[in-house]
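Novice: Please find one structure pasted underneath; my questions will follow.
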Amino acid sequence: MQEDSQKLAKNFKQAPIWQILDQGAGRFVRIAASVALARILFPDDFGIYALSLSILELARLSVNFGVGSAIVQTSDSPDSFVNSAFWTNLGASALMFINVLIFAFLAVRIFGQPVLMYTAPVLGITLLTGGFAHINQSLLIRTLEFKTLAKASVSKLAVESVASIGFAVAGFGVWSFILGYVLGDVVQSMLIWFSTEWRPDWKPNFQYPRKFWKFGANIFLFCLSTYLLEFMPTFIVGRITDVFVLGLFSFAWRQSRWIGDIPKLIGKNMLFPAFSRLQSNFEEFEKLYDRWLRFMLVWGAPIFIAQFVFSPLYVPAIFGAKWAPAITGLQLLVVMAFIEITFYVPHSEAVTARGRVEKNVYWRMIEALALGITLIFVSSKGPTAIAAGILVVRAGVMPFYLFQTRAFVGIKFKPLLKSVRPALVLCCAGWVGGLTVYKFSSEIHFLVLIGLGVVSAVLWVFLSLRFAPEIKKLFSEASKMLSARFNTSKQIVALTSE
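Okay, here's the thing in structure tokens:
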């Protein structure tokens, strides 16, 4: 028992490192693939893929009914409980694959794109393959084994990217996305399966389904609200406009997530299990919340600001002039991504960890309703209007959500605001400076811009190390890990040479 506790403590300490390495390496691979695919393929291909992926995610909604989250939240559960979770999840996966076929048939009638009858079911294969490894993945998350998860995730992205580019060069069009996605997902499921010792009892066991669904009902509703916010724009834009405009919007959405998905996934994968385990330790709970805010305000902001300022330069140069109409929409979505990841993600995960998922569901449903109404009116005006509508709705609803749910989180927000105030001021100054540079960039000499950038970066790092010093500890732990790995490699080489 003591050995398990020590291992868990070690995994918790190293979790941020592996999450950053995972998302950093994965993002690098995905960016490289996105550049190649955007230059080879066309907006229509992106539009069809966005619709196909939306159909898949609609079917995936009720695959586990929170079964995986139930495994993560229960620290100690009997093997019969986990085995029942496996069979419950696998049965749901099979049912959802059938639903993919039904949804694809309906989508063809709604959007007038016959190819959806083939692309969506092929993507649906991943529901079946992923169903076998889903519980194993939940067990890895429960024990904070992010090293194993990182290896599987990066391998998936590498296989998906290489395969997609290969198919695109060969002239497969939208099928480049589809086939690459399936191959990558199969590889990830296999790696997770073989990286864990737990195996199901191959005799079907449905002993606890009511317990799963009772816990997972709110999780399912939360996933439904998340789906509406993430994928409802795809359906509305695709229905009101065409796949070309949808492709431009999909491109802007994907590029705005280049950077944003790294801290977002780190937050979702690390904050929920961490908050869940710190529920009884209010002091550490508040510290974790505080650290996330200061870290994102100080170290996350410059990256989003840089993407906002330089997107008019790098999008045409890297991806091609055909994507120029998506630039302004991309900039607006970058602002939204920063607001969402900095403020919404930690609060949402804290509320969920406190067992008050229904509060998240309530406010996300309100936001989804407001977003749907807004998109109906603005979608016909193009990608920029669509992105502006999404930003206005998110920025308008979020303050009310934070205020109304503050009591359930159990954090004293006045001391918290006092703690993060210097970081918040620095962040606001950074955004004002970035917007000013963007506005007058055409009137400033290129070398002067570089000089201003260097001076600003040095000043920012100096202030950041003071207002969010956790980064030093993070790099220190990463250095220790890399050093240990290097020394181990030297020992192995020495032994083999003898």
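304 is the number that the working numbering gives to position 304 of the sequence shown; each next residue is one higher, with no gaps.
Built from N, CA and C at the ideal position, the CB exists for glycine as well.
Predicted, not measured: the structure shown is a model, and the values here were computed from it.
With distances taken Cα to Cα, identify the nearest neighbour of Ile376 among Thr126, Pro233, Leu157, Ala32.
Specialist: When each option's Cα is compared against that of Ile376, the closest is Pro233.
Novice: Taking Phe111 as the reference, which of Lys359, Gly451, Ala423, Phe235 has the closest Cα?
Specialist: With distances taken between Cα atoms, Phe111 lies closest to Phe235.
Novice: Classify Lys418 as buried or exposed, calling it buried when 16 or more other Cβ atoms lie within 10 Å of its own Cβ.
Specialist: Exposed is the call here.
Novice: Can you tell me where the alpha helix (DSSP H) with Leu424 in it begins and where it stops?
Specialist: Its alpha helix (DSSP H) spans residues 413-440.
Novice: Would you be able to state if there are at least three C-beta pairs under 8 Å between the stretch 269-284 and the stretch 388-407?
Specialist: Result no; under three Cβ-Cβ pairs closer than 8 Å.
Novice: Return helix, strand or coil for Gly180, following the three-state DSSP convention.
Specialist: Gly180: helix per DSSP, three-state reduction.
Novice: Could you spell out the range, first to last residue, of the alpha helix (DSSP H) harbouring Leu56?
Specialist: Element bounds for Leu56: 43-60.
Novice: May I have the straight-line CA-CA distance separating Thr352 from Val345, to the nearest angstrom?
Specialist: So the two alpha carbons sit approximately 11 Å from each other.
Novice: To the nearest angstrom, how far is it from the Cα of Ala388 to the Cα of Ser195?
Specialist: Cα to Cα, the separation comes out at about 44 Å.
Novice: What do you get for Thr436, buried or exposed, if any count of 16 or more other CB atoms within 10 angstroms of its CB means buried?
Specialist: Classification of Thr436: exposed, given that the 10 Å Cβ count is below 16.
Novice: Assign Trp299 to one of two classes, buried (16 or more other C-beta atoms within 10 Å of its C-beta) or exposed (fewer than that).
Specialist: The residue is buried, with at least 16 neighbouring Cβ atoms inside 10 Å.
Novice: Tell me whether the stretch 328-343 and the stretch 249-261 touch, counting them as touching only if at least three CB pairs, one residue from each stretch, are closer than 8 Å.
Specialist: Touching, per the Cβ criterion.
Novice: To which residues of the same chain is Phe231 closer than 6 Å at the C-beta, ignoring the five residues directly before and after it?
Specialist: Cβ within range, chain order: Ser54, Glu57.
Novice: Quick check on DSSP: helix, strand or coil for Phe475?
Specialist: At Phe475, the pLDDT of 49 sits below 50, so the modelled position is not reliable and the matter cannot be decided from this model.
Novice: Just how far apart, CA to CA, sit Gly329 and Ser176?
Specialist: Distance between the alpha carbons of Gly329 and Ser176 is about 25 Å.
Novice: For Gly247, does the three-state DSSP call read helix, strand or coil?
Specialist: Helix at Gly247.
Novice: Three Cβ pairs or more, each shorter than 8 Å: is that satisfied between the stretch 275-289 and the stretch 315-327?
Specialist: No, because fewer than three Cβ pairs between the stretch 275-289 and the stretch 315-327 fall closer than 8 Å, the two stretches do not touch.
Novice: From Leu123 to Leu278, what does the alpha carbon distance come to, in whole angstroms?
Specialist: Roughly 38 Å between the two C-alpha positions.
Novice: How about Ser84 and Leu128: do their beta carbons lie closer than 8 Å?
Specialist: Not in contact: Ser84 and Leu128 (Cβ atoms no closer than 8 Å).
Novice: Considering only C-alpha positions, which residue in the set Ala36, Lys147, Gly91, Val100 is nearest to Ala317?
Specialist: Looking at the Cα atoms, Ala36 is the closest of the given residues.
Novice: What do you get for Val82, buried or exposed, if any count of 16 or more other CB atoms within 10 angstroms of its CB means buried?
Specialist: Label assigned to Val82: buried.
Novice: Taking contact to mean 3 or more Cβ pairs, one atom from each stretch, closer than 8 Å, check whether the stretch 166-185 and the stretch 36-45 are in contact.
Specialist: As far as the Cβ criterion goes, the stretch 166-185 touches the stretch 36-45, which means the pair count is three or higher.
Novice: Report yes if the C-beta distance between Gly238 and Gly382 is below 8 Å; otherwise report no.
Specialist: No, the Cβ-Cβ distance between Gly238 and Gly382 is not below 8 Å.
Novice: When you compare the CB positions of Ala368 and Ser225, do they come within less than 8 Å of one another, or not?
Specialist: Yes, they are a contact pair.
Novice: Taking its Cβ as the centre, do 16 or more other Cβ atoms sit within 10 Å of Glu197, making it buried, or is it exposed?
Specialist: It is exposed - the Cβ of Glu197 has fewer than 16 other Cβ atoms within 10 Å.
Novice: Closer than 8 Å is the cut-off here; do at least three beta carbon pairs connect the stretch 409-423 with the stretch 293-310?
Specialist: Touching, yes, given that three or more Cβ pairs across the two stretches are closer than 8 Å.
Novice: Would a C-beta distance cut-off of 8 Å place Gln188 and Lys147 closer than the cut-off?
Specialist: No, they are not a contact pair.
Novice: Tell me the DSSP secondary structure of Thr384 in three-state form.
Specialist: Looking at Thr384 - three-state DSSP - the assignment turns out to be helix.
Novice: Between which two residues does the alpha helix (DSSP H) containing Tyr362 stretch?
Specialist: Looking at the DSSP string, the run of the alpha helix (DSSP H) that includes Tyr362 is 357-378.
Novice: If you check the beta carbons only, do Asp44 and Val245 fall under 8 Å apart?
Specialist: Their beta carbons are not under 8 Å apart, which means Asp44 does not touch Val245 by this criterion.
Novice: Alpha carbon to alpha carbon, how far is Tyr401 from Arg394?
Specialist: Approximately 10 Å between the Cα atoms of the pair.
Novice: Should Val448 go down as buried or exposed, given a rule of 16 or more other Cβ atoms within 10 Å for buried?
Specialist: It is exposed - the Cβ of Val448 has fewer than 16 other Cβ atoms within 10 Å.
Novice: Under 8 Å between the Cβ atoms of Phe105 and Met117?
Specialist: A contact, by the Cβ cut-off of 8 Å.
Novice: Under three-state DSSP, which class holds Phe275?
Specialist: Of the three classes helix, strand and coil, the one that applies to Phe275 here is helix, per DSSP.
Novice: Go ahead and pull the three-state DSSP assignment for Thr234.
Specialist: If DSSP states are grouped into helix, strand and coil, Thr234 belongs with the helices.
Novice: Are the beta-carbon atoms belonging to Phe343 and Met398 less than 8 Å from one another?
Specialist: Yes, they are a contact pair.
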